[in-house]
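Undergrad: Using the working numbering, you'd call the opening residue of the sequence shown number 11 and step up by one each time.
Sharing a structure here in C-alpha cells format.
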Amino acid sequence: MRWDREVGVLVFGAGMGGMTAALIAAHEGLDVLLCEKTDQVGGTTSTSAGTVWIPGSSQAMRDGVPDNVDDARRFLAAEIGPRAEAAREAFLAAGPAALDYLDARTEVKFTAPPRHPDYHSNQPGRALAGRALAPLPFDGRLLARDFDRVRPPIAPFMVLGGMMVGKLDIPALLKPFGSVANFKAAMTLLLRHATDRLRFSRGTRLVMGNALVGRLFYSLRQRNVPISYDTKLVELVRGNNGIEGAVVDIGTARQIIRAKRAVILATGGFASNATLRAEHLSGLPIAHSQAFAGASGDGFAAARASGAAIDDRHTSPAFYFPSSLHKTAQGETLYPHILLDRSKPGLIAVNKDGRRFVNESDNYHDFAEAMLRTNTATPSVPAWLICDRSFIRDYGLGLVHPGSGEHTLRRFIADGYLHRAETLMELSGRIGIDGKNLLRSVQEHNAYAEAGVDEAFGKGGTEYNQFNGDPENKPNPCLRPIAQAPYFAVAVYPAMMGTCVGLSTDGDARVLDDSGAAINGLYAVGNDMASLFRGVYVGPGITLGPALVFAYRAVMRIARNPD
Ligand SMILES: Cc1cc2nc3c(=O)[nH]c(=O)nc-3n(C[C@H](O)[C@H](O)[C@H](O)COP(=O)(O)OP(=O)(O)OC[C@H]3O[C@@H](n4cnc5c(N)ncnc54)[C@H](O)[C@@H]3O)c2cc1C
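The following block contains the structure:
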C-alpha cells in the first residue's frame, strides 16, 4: 500500500462523537487527524439541544442535584431489561470520569439544571434532576474568524435573524415588561445581538448544541488539533492487522491515509440516507428528517463493507420528533414539537378518526412512536394538534409564537401551516378528519380537564409530564378545557432525529464482526454505534451522553493499547 499520509489516530466526522474523540486523543498525546466532509464542524450536534444524559456526575453533585449510578442501573434495567448490559456497565462506570476529564482539561463544561426528569419518571430508579446535563453557554466571539465554521442551529431555535434562544431566555423575551428582571434580561440579550450583527453573520451567544460544538471546537483549536475540512471517508483499508487506514476524498483529490493506531468512525449514523432508511426502517411512513443532511451513513456503510456487524435488535430502529412542516416560496422549515406546546394545558392530538391516541405530554419519541403504532390501524400520519385561541395566546403552536397577533396567524393560515375555524365541526372539515369524533374527543378531554384527571391517557400524570406543563394551571398542569372559538389545528409528522440501528461494538466502542470478535483498529462512536439504549428513549441527552462517554473509552483504550 502506498500511503499519502500517516497519522496515529484518524477520526471521521466533526460532531459530538468525533470532536470529543479527537480532543481527548490530543490530550493523551496521540497524533490525531480529524476529517470532516463538509466545511463546517457540528453535524446534527450543532442543531441539537446539547443535553447529555450521564448518571452520577460530580457536576450534578456540585450543582446541588446529586444522582447516583446504582439508581441509574435500576432505572435502565426497568427500561431496557437485560439487553446491552456489558456496554451499559461500561457507560455507567466511565461517565463521571469522562465528564471530569473534559472539565479539568478543556472548555467542554456542563451544568446540571435544577429539574430535568427522566422521560419515564414513574420507573424505579428514575431521576428528576442530575442526570441530564446542559452545556454552559459559549461566547462565539472567542472563535474570531472561525466562528463561521460552526454549523448554525435550526431556524426555530433562533429569532431576529440569528439570535439563539434557550429555554431559560423565553420568559424574559415573551414578557419584557413583566418585571424589572425580565426587562434587564431581555435588553441584555437584544443589545448583545445588535452588536454581534455588526461583525458576525449571526448572534454569537451560543446555547444548547451550538454552545457544545463551540466549546469542543474552541478546545480543539487551543490544542492545535488538525481538522481537515471537505475530507470525506470513502472506504476503509483492511490489511492483515485489521483496519490500517482509509481512502478519503479531499475536495476532488483522492488520498490514502494510514492510521497507525486506530480509525474512529463518528459520521453521525444514517438518518438522512433514504436507501439505508428503507432497508432498516422498512414500512415506516417517515418522510422527514431533523438530522443533518450529512448524516448519510458513510461510516456505517464503510464499516459494513469491511466486515462489521450491524446491531438492529432495537425496540425502535430510530428516534423521532413529531414535527410540523411550514412550506413557503423561500423553502421548508421543519419544527420539532419537543416540549413547548404539546405538553401544555388546552391541546389534544387526534388522528384521522378524530380520536386521541396518546398522552400528548409524553416525550417526543414516545409520541411519534404512538403515531406510527396507531397508524397501522387508523391513519395517524399526519396527526393533528388541536387547540383554541387562548392556547396560542399563552403557549404558541409550533412556529406560531405565544402572543402572536392576527396578522401572524393570517400569514401562517395563508401558507397552509395553520388551520382555523369557528367551530370544531368546521375545523374537522378543513383538515379532513371525522368531525363527530373530534367533537366527542374535545368534550371528553374538557371533562377530564375539569376533574384534573385524564382517564383516557393520563396526561399530566407523571413528573415528566408536569415538568413540561404549566405550573400555574390547576389542578393539572397539562389539562385545561379547549373551549373558546376560534379553534386551530396544525399537522405533525414523525421525523427522524437519529438512528438507533448502528454498528455492533463492545464496551470500548471497538467495532465487532459477525462472529462477535473486535475488528482490530476500528472504533465507532456517536450514531455510527448502535444505540446503547436499544431504541428506548429513557431521558434527555441519550445520544450525546453515550457519544461523549464512548469517545472517551475508545481513546483511553487506544492510548493504553497500540492494537
Ligand atoms: C433538534 C434536535 C435536538 C436534539 N437534541 C438532542 C439533545 O439535547 N441530546 C441528545 O443526546 N441528542 C439530541 N439530538 C440528537 C443528536 O443531535 C444526535 O444524535 C447527535 O448529534 C449525533 O452525534 P454524532 O457525533 O454521531 O453525529 P453528528 O453530530 O451528526 O456529526 C457527524 C459529522 O460527520 C460528518 N460526516 C458524515 N460523513 C462523513 C464522511 N464520509 N467523512 C467525514 N465526515 C463525515 C458530518 O458532516 C457531521 O459533521 C437532537 C437532534 C435534533 C435534530
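Ideal Cβ placement from N, Cα and C applies to all residues, glycine included.
So, under 8 Å CB-CB, Ala313 and Ala534 are touching, yes? Tell me the CB distance rounded to an integer number of Å.
TA: Your numbering for residue 313 matches position 303 in the sequence shown. Your numbering for residue 534 matches position 524 in the sequence shown. Sure, about 7 Å apart at Cβ, within 8 Å.
Undergrad: Between the segment 471-481 and the segment 305-312, do three or more beta carbon pairs fall short of 8 Å?
TA: The segment 471-481 vs the segment 305-312: no contact.
Undergrad: My output table needs one value for Thr486: the three-state DSSP class, helix, strand or coil.
TA: Along the sequence shown, one-based indexing puts residue 486 at 476. Note that residue 486 is Asn in the sequence shown here, rather than Thr. The answer is coil: DSSP assigns Asn486 none of H, G, I, E or B.
Undergrad: Between Gly66 and Ala221, how many whole angstroms is the CB-CB distance? I'm expecting something under 8 Å.
TA: Position 56 of the sequence shown, counted from the start, is the residue given in the question as residue 66. Position 211 of the sequence shown, counted from the start, is the residue given in the question as residue 221. With a Cβ gap of about 23 Å, Gly66 and Ala221 do not count as contacting.
Undergrad: Specify the secondary structure class of Thr61 as computed by DSSP and reduced to three states.
TA: Against the sequence shown, residue 61 aligns to sequence position 51. Thr61: coil per DSSP, three-state reduction.
Undergrad: What residue from Ile358, Lys337, Ile34 and Ser333 has the CA that sits closest to Pro346's CA?
TA: Residue numbering aside, residue 346 sits at position 336 when the sequence shown is read from its first letter. Out of Ile358, Lys337, Ile34 and Ser333, Ser333 has the C-alpha closest to the C-alpha of Pro346.
Undergrad: Just confirm the distance between the C-beta atoms of Gln300 and Phe331, as a whole number of angstroms; I'd bet it's less than 8 Å.
TA: Along the sequence shown, read from residue 1 onward, the residue named residue 300 stands at position 290. Along the sequence shown, read from residue 1 onward, the residue named residue 331 stands at position 321. Their Cβ separation, rounded to whole angstroms, is 6 Å, which keeps Gln300 and Phe331 in contact under 8 Å.
Undergrad: Using a threshold of 7 Å, is the CB atom of Met26 nearer than that to any non-hydrogen atom of ligand 1?
TA: Translated into positions along the sequence shown, residue 26 becomes position 16. Under cutoff, so the answer is yes.
Undergrad: Return yes when at least one heavy atom of ligand 1 lies under 7 Å from the C-beta of Lys119, else no.
TA: As a working mapping, residue 119 is identified with position 109 in the sequence shown. Not under cutoff, so the answer is no.
Undergrad: What are the boundary residues of the beta strand (DSSP E) that Gly479 is part of?
TA: If you number the sequence shown from 1, residue 479 lands on position 469. Looking at the DSSP string, Gly479 is not in any beta strand (DSSP E), and its letter there is neither H nor E.
Undergrad: Could you tell me the distance, in whole angstroms, from the CA atom of Gly255 to the CA atom of Val51?
TA: Within the sequence shown, the letter at position 245 stands for residue 255. Within the sequence shown, the letter at position 41 stands for residue 51. When rounded, the distance between both Cα atoms is 22 Å.
Undergrad: Between Gly471 and Gly278, is the Cβ-Cβ spacing less than 8 Å?
TA: Here residue 471 refers to the residue found at position 461 when the sequence shown is read from its first residue. Here residue 278 refers to the residue found at position 268 when the sequence shown is read from its first residue. It is not a contact, given that the beta carbons lie outside the stated cut-off.
Undergrad: Going by CA-CA distance only, name the one from Leu294, Ile396, Ser414 and Arg420 that's closest to Ala380.
TA: Counting from 1 along the sequence shown, the entry for residue 380 is found at position 370. Ala380 has its Cα closest to that of Leu294, out of Leu294, Ile396, Ser414 and Arg420.
Undergrad: Look at the alpha carbon of Leu419 and the alpha carbon of Asn385, and state the distance between them as a whole number of angstroms.
TA: Within the sequence shown, numbered from 1, the residue matching residue 419 stands at position 409. Within the sequence shown, numbered from 1, the residue matching residue 385 stands at position 375. So the alpha carbons of these two residues sit roughly 30 Å apart.
Undergrad: Could you tell me the alpha carbon to alpha carbon distance between Ala204 and Arg365, rounded to whole angstroms?
TA: For the purposes of this step, residue 204 is identified with residue 194 of the sequence shown, where counting begins at 1. For the purposes of this step, residue 365 is identified with residue 355 of the sequence shown, where counting begins at 1. Whole-angstrom Cα-Cα distance: 47 Å.
Undergrad: Taking 7 Å as the line, does the beta carbon of Ser316 fall inside it for any heavy atom of ligand 1?
TA: By 1-based counting over the sequence shown, the position of residue 316 is 306. No, the beta carbon of Ser316 sits no closer than 7 Å to any heavy atom of ligand 1.
Undergrad: With burial defined as no fewer than 16 other Cβ atoms inside 10 Å of the residue's Cβ, what is the status of Gly413: buried or exposed?
TA: On the sequence shown, residue 413 is found 403 positions in, with the first residue counted as 1. So Gly413 counts as exposed.
Undergrad: Extract the residue ranges of the beta strand (DSSP E) inside the segment 361-403, only unbroken runs of 3 or more that lie entirely within it.
TA: Counting only runs of 3 or more, we get 393-398.
Undergrad: Which residues in the same chain have their Cβ closer than 7 Å to the Cβ of Gly140, if we skip the five residues on either side of it in sequence?
TA: Residue numbering aside, residue 140 sits at position 130 when the sequence shown is read from its first letter. Answer for Gly140: Ala70, Val75, Pro76, Asp77 and Ala122, listed in chain order.
Undergrad: Rounded to whole angstroms, what is the Cα-Cα separation between Asn250 and Ile320?
TA: As a working mapping, residue 250 is identified with position 240 in the sequence shown. As a working mapping, residue 320 is identified with position 310 in the sequence shown. If I take the Cα positions, the gap works out to 22 Å.
Undergrad: Buried or exposed: which applies to Pro92, given that a residue is buried once 16 or more other Cβ atoms fall within 10 Å of its Cβ?
TA: Residue numbering aside, residue 92 sits at position 82 when the sequence shown is read from its first letter. The residue is exposed, with fewer than 16 neighbouring Cβ atoms inside 10 Å.
Undergrad: Does the distance between the C-beta of Ile164 and the nearest non-hydrogen atom of ligand 1 fall short of 7 Å?
TA: As a first step, residue 164 must be located in the sequence shown, where it is residue number 154. It does: the Cβ of Ile164 is within 7 Å (strictly closer) of some heavy atom of ligand 1.
Undergrad: Given Pro355, which residues of its chain have a CB within under 6 Å of its CB, disregarding the five upstream and five downstream residues?
TA: If you number the sequence shown from 1, residue 355 lands on position 345. Closer than 6 Å at Cβ, skipping near neighbours: Asp480, Asn483, Cys488, Leu489 and Arg490.
Undergrad: Applying the 10 Å Cβ sphere with the 16-neighbour rule, what's the burial state of Pro124?
TA: Working through the sequence shown from its first residue, we reach residue 124 at position 114. Burial call: exposed.
Undergrad: Find out if the Cβ-Cβ distance for the pair Ser353, Arg248 is shorter than 8 Å.
TA: Indexing the sequence shown from 1 puts residue 353 at position 343. Indexing the sequence shown from 1 puts residue 248 at position 238. No. Outside cutoff.
Undergrad: Quick check: the Cα distance between Asn475 and Val368, rounded to an integer number of angstroms?
TA: Within the sequence shown, numbered from 1, the residue matching residue 475 stands at position 465. Within the sequence shown, numbered from 1, the residue matching residue 368 stands at position 358. Near 13 Å, if we compare the C-alpha coordinates of Val368 and Asn475.
Undergrad: By Cβ distance below 6 Å, which residues in the same chain neighbour Pro327 in space, the five residues on each side in sequence not counted?
TA: Within the sequence shown, the letter at position 317 stands for residue 327. His290, Leu291, Cys510 and Val511.
Undergrad: Going by DSSP in three states, Glu38 sits in which element: helix, strand or coil?
TA: Position 28 of the sequence shown holds residue 38. Looking at Glu38 - three-state DSSP - the assignment turns out to be coil, as it is neither helix nor strand.
Undergrad: Tell me which residues share the same chain as Leu409 and place their Cβ nearer than 6 Å to its Cβ, disregarding the 5 neighbours each side in the sequence.
TA: On the sequence shown, residue 409 is found 399 positions in, with the first residue counted as 1. For Leu409, where only same-chain residues beyond five positions count, the Cβ hits under 6 Å are His336 and Tyr345.
Undergrad: Please report the residue range of the beta strand (DSSP E) in which Gln265 lies.
TA: Counted from its first residue, the sequence shown places residue 265 at position 255. Counting along the chain, the beta strand (DSSP E) containing Gln265 begins and ends at Ala263 to Leu275.
Undergrad: Tell me the DSSP secondary structure of Ile10 in three-state form.
TA: No answer is possible for residue 10: it lies beyond the span of the chain, which begins at 11 and ends at 573.
Undergrad: Starting from the C-beta of Asn447, find all residues in its chain whose C-beta is less than 7 Å away, skip the five residues before and the five after it, and write them out in chain order.
TA: Walking along the sequence shown from the start, residue 447 turns up at place 437. Asp363, Gly364 and Arg365.
Undergrad: DSSP on Met539, reduced to helix/strand/coil?
TA: By 1-based counting over the sequence shown, the position of residue 539 is 529. In the structure shown, Met539 sits in a strand (DSSP, three-state: E or B).
Undergrad: Would you mind reading off the limits of the alpha helix (DSSP H) that contains Phe193?
TA: Against the sequence shown, residue 193 aligns to sequence position 183. Val190 to Arg209 is the span of the alpha helix (DSSP H), which, as asked, contains Phe193.
Undergrad: Relative to the C-alpha of Ala284, which candidate in Glu99, Ile296 and Arg271 has its C-alpha closest?
TA: Here residue 284 is taken as the residue at index 274 of the sequence shown, counted from 1. Comparing Cα-Cα distances from Ala284 to each of Glu99, Ile296 and Arg271, the minimum goes to Ile296.
Undergrad: Which residues does DSSP pair with Arg248 in a beta bridge?
TA: On the sequence shown, position 238 is the one that residue 248 refers to. Per DSSP, Ile253.
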